[in-house]
Amino acid sequence: MSFDQGENEEILDDSCCGHDGSNRKSHHSDKVKNNLVTRLNRIEGQIRGIKGLIEKDTYCDDVINQISATQAALNSVARILLEGHMKSCVVERIQEGDFEVLDEILVTIQKLMKK
Numbered sequence: 001m002s003f004d005q006g007e008n009e010e011i012l013d014d015s016c017c018g019h020d021g022s023n024r025k026s027h028h029s030d031k032v033k034n035n036l037v038t039r040l041n042r043i044e045g046q047i048r049g050i051k052g053l054i055e056k057d058t059y060c061d062d063v064i065n066q067i068s069a070t071q072a073a074l075n076s077v078a079r080i081l082l083e084g085h086m087k088s089c090v091v092e093r094i095q096e097g098d099f100e101v102l103d104e105i106l107v108t109i110q111k112l113m114k115k
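Here's what the structure looks like:
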């Protein structure tokens with residue numbers, strides 16, 4: 001999987017996941033959170049737009065194209081999170097000797113690839 005280094009690089013610099021046994025949390029900087037929330041707000045708007053298209057009996061191909069664009073936007077959010085997770089959380093846990101994280105990330109990647 002290849003990632004665009006441009007816009008995502010600065011977003012990932014402050015990404016980190018805390019792991020202390022059963023209490024797992026993501027710790028992203030305000031900049032990262034704002035970026036992800038902005039993207040998700042845009043996606044939410046796209047979903048509402050798709051609903052409106054269906055309600056207006058818009059031509060199926062046009063609706064499908066909008067769905068495809070929305071899926072691509074959501075995949076972009078997932079890629080940003082995955083890259084940040086791998087570069088910080090996964091590396092940190094491996095350095096701590098916690099190799100179970102490899103199985104965890106493999107399952108996550110398999111789920112993403114099904115889409």
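Residue 77 in UniProt numbering sits at position 77 of the sequence shown, and the numbers go up by one each step. All residues carry an ideal CB built from backbone N, CA and C; glycine is no exception. These numbers come from a predicted model, not from an experiment.
What separation, rounded to the nearest whole angstrom, lies between the Cα atoms of residue i and residue j?
i	j	result
residue 42	residue 90	29 Å
residue 102	residue 60	41 Å
residue 52	residue 71	17 Å
Kindly indicate which three-state DSSP category residue i falls into: helix, strand or coil?
i	result
residue 27	strand
residue 98	coil
residue 108	helix
residue 57	coil
residue 51	helix
With a CB to CB cut of under 7 Å and the five nearest residues on each side skipped, what residues in its chain are close to residue i?
i	result
residue 73	39, 42, 43 and 46
residue 50	63, 66, 67 and 70
By the 10 Å Cβ neighbour count, where 16 or more other Cβ atoms means buried, how is residue i classified, buried or exposed?
i	result
residue 85	buried
residue 88	buried
residue 81	buried
residue 4	Its pLDDT being 45, under 50, residue 4 is placed unreliably in this model, and the coordinates cannot settle the point.
residue 32	buried
residue 27	exposed
residue 55	exposed
Spell out whether any CB of chain C is found under 8 Å from the CB atom of residue i.
i	result
residue 89	No chain C is part of this structure, which consists of one protein chain only.
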